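Note that the sequence shown covers residues 929 to 1085 in my numbering.
Notes follow once the structure below has been shown.
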Amino acid sequence: MARDIKWAVKEAEEQGAIHRISVEDSTKKEITSSAKKTALGMFAGSIALLIVATIIVLALYSFGGIILHGARMFVIYLIILIFPFYAIYNIIHTSKAIKNDDVEFFQGTLVTKTDKGYRLSGLEDHDLSFLKGKTKDLKAGETVNIVRIADDVSLFV
């Protein structure tokens, strides 16, 4: 199980696996703006998913009188209904963290690439990915830039 990200980053910094860096204000503004856009995109996606799921359920009920039963379908419906609320929470949490300047920048060494993202020295139990739209092909041993915004850690170019 992965450690809390703030503690993991703090421990990695204390061990010397990652170290703090300073970035220009324009870079910081671009990164925080990208984080906000990602949070808003999650909300838009969750609303679209909710609309599509509602249309499918209503169409099945209207045309065939079918309501899919069972615990598995109930869980899927529940997740689809809860997801927009989580997205709203994520928008508020991200905006609040940026407003309170709960943003830190680090550099670290890439250990490996997995199916879910990249693993860094000191943060091996977390799979990190690039902020939306900012990707780069990396190889093990390369130095990468890391941003921590509240409870989220991402790579940035």
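No residue lacks a Cβ here, since even glycine has one placed at the ideal position from N, Cα and C.
Computed from a prediction, not measured in an experiment: that's the story for all the values here.
Are the CB atoms of residue i and residue j nearer to each other than 7 angstroms?
i     : j     : result
A1078 : A1015 : no
V937  : R1076 : yes
L1059 : F1084 : yes
L1038 : V985  : no
L978  : I1008 : yes
D1053 : T1042 : no
Select from the options the residue whose C-alpha is nearest the C-alpha of residue i.
i     : options                    : result
G1069 : T1040, L1083, V1085        : T1040
N1018 : D953, S950, A972           : A972
G944  : L1051, L1006, G1045        : L1051
T960  : S1057, S1049, G1045, D1029 : D1029
N964  : K1044, E941, S974, S1023   : Before going further, note that residue 964 is Lys rather than Asn in the sequence given. Nearest option by C-alpha distance: S1023.
L1006 : S974, F1033, L988          : S974
Output the distance between the C-alpha atoms of residue i and residue j, rounded to the nearest integer angstrom.
i     : j     : result
P1012 : I933  : 24 angstroms
Q1035 : S954  : 18 angstroms
G952  : L968  : Note on identity: in this sequence residue 952 is Glu, with Gly being the wrong assignment. E952 and L968: Cα-Cα distance of roughly 25 angstroms.
V1031 : I1010 : 28 angstroms
I946  : V1003 : 40 angstroms
M970  : H1021 : 13 angstroms
S1057 : S962  : 13 angstroms
A999  : Y1046 : 35 angstroms
F991  : V1081 : 46 angstroms
To which residues does DSSP link residue i through a beta bridge?
i     : result
L1021 : A quick correction: the sequence has His, not Leu, at residue 1021. Its beta-bridge partners do not exist; DSSP assigns none.
V1081 : R1076
Q1035 : H947, N1073
R1047 : T1040
L986  : Answer is none; L986 lacks a bridge partner.
F1058 : L1083
Quick check: is any heavy atom of the ligand NAD less than 6 angstroms from the C-beta of residue i?
i     : result
I1007 : As for the ligand NAD, it is missing from this structure, which has no ligand bound.
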